[in-house]
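The sequence shown begins at 7 in the numbering used here and counts up by one. First comes the structure, then the notes that go with it.
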Amino acid sequence: SKVDLVLARSSLTKRTELTETDPRRLHEILSQVRRQGYALSNQEAFVGDISVAAPIFDDQGHVTAAVNVAVPFPRWSVAKAKRQLIPIVREVGKTVSKALGWRG
Numbered sequence: 007s008k009v010d011l012v013l014a015r016s017s018l019t020k021r022t023e024l025t026e027t028d029p030r031r032l033h034e035i036l037s038q039v040r041r042q043g044y045a046l047s048n049q050e051a052f053v054g055d056i057s058v059a060a061p062i063f064d065d066q067g068h069v070t071a072a073v074n075v076a077v078p079f080p081r082w083s084v085a086k087a088k089r090q091l092i093p094i095v096r097e098v099g100k101t102v103s104k105a106l107g108w109r110g
């Protein structure tokens, strides 16, 4: 699969203690992201950074970009980011996707 090719070509370097590098676990996370329609990163790229992102689709239904919001921990919690930011990020992703011709 395309995911397997990308993972095989990636160094999967731990950036923080919370960075996931296990390919099996990354497959599970990506499946969950596809089902949910958003991704959440809790200090995986940078210590003190909680990020939420949603896909942007082109007119063919392919993911072509993403919209992302990063907020500082501990002023934000994962629960607060899920509650307050995910609905907004998902809506922005859908709005931009529709502007690009996506009909999903």
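From the three backbone atoms N, C-alpha and C, an ideal C-beta is built for every residue, glycine too. Everything numeric in this text was worked out from a predicted model, so none of it was measured.
Nearest to residue i (by Cα), restricted to the options the options
i	options	result
Ala-105	Leu-91, Ile-92, Gly-67, Ser-7	Gly-67
Range of the contiguous alpha helix (DSSP H) that encloses residue i
i	result
Asp-65	From DSSP, Asp-65 is part of no alpha helix (DSSP H); its letter is neither H nor E.
Residue burial classification, residue i (beta-carbon count within 10 angstroms, cutoff 16)
i	result
Val-9	exposed
Ser-103	buried
Ser-57	buried
Leu-24	exposed
Ile-94	exposed
Leu-18	exposed
Ala-60	buried
Leu-91	buried
Residue i versus residue j: straight-line alpha-carbon distance, rounded
i	j	result
Gln-49	Gly-107	34 Å
Gly-43	Arg-96	7 Å
Thr-27	Thr-101	32 Å
Limits of the unbroken beta strand (DSSP E) element including residue i
i	result
Ser-47	45-48
Rounded Cβ spacing between residue i and residue j (contact assumed at less than 8 Å)
i	j	result
Ala-122	Ile-62	Coverage of the chain is limited to positions 7 through 110, which leaves residue 122 absent and any answer about it impossible.
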